[in-house]
Amino acid sequence: MPSNVRVTDNTWKTLREIATQAGESMQVILEKAVEDYRRKILLEEANKAYLALKNDSEAWQGEKKERLEWDETLKDNLEENE
93 MPSNVRVTDN TWKTLREIAT QAGESMQVIL EKAVEDYRRK ILLEEANKAY
143 LALKNDSEAW QGEKKERLEW DETLKDNLEE NE
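For what it's worth, the working numbering labels the leading residue of the sequence shown as 93, then goes sequentially.
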């Protein structure tokens with residue numbers, strides 16, 4: 093659904109310069125920038141959640157235990173196939 097987005101003159105000039113340098117349309121550059129920003133926010137939220145988990149010693153011990161269990165699962169039948 094196409095629509096207009098208002099940006100400052102400075103943002104528009106920067107977007108145009110990047111598009112020219114990259115040889116892509118301003119729309120493509122803007123789409124890539126928005127996607128990069130979305131991913132950045134996602135990773136920041138994941139990092140916050142991971143830090144909260146680490147700061148909860150009981151939950152963190154459960155996480156470590158689960159990782160060890162998965163490590164063992166991943167080794168299933170390795171000796172038989174070697």
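From the three backbone atoms N, C-alpha and C, an ideal C-beta is built for every residue, glycine too.
Rounded separation between residue i and residue j - CA only
{"i": "A138", "j": "L160", "result": "21 Å"}
{"i": "W104", "j": "L135", "result": "27 Å"}
{"i": "D128", "j": "E150", "result": "34 Å"}
{"i": "M93", "j": "L122", "result": "15 Å"}
{"i": "G115", "j": "E158", "result": "48 Å"}
Own chain, CB closer than 7 Å to residue i, minus 5 neighbours either side, in chain order
{"i": "V120", "result": "none"}
{"i": "R98", "result": "none"}
Cβ-Cβ distance between residue i and residue j below 8 Å
{"i": "M118", "j": "A125", "result": "no"}
{"i": "W152", "j": "L143", "result": "no"}
Residue i: CB within 7 Å of a non-hydrogen atom of the ligand MG
{"i": "E155", "result": "This structure lacks the ligand MG, and indeed carries no ligand of any kind."}
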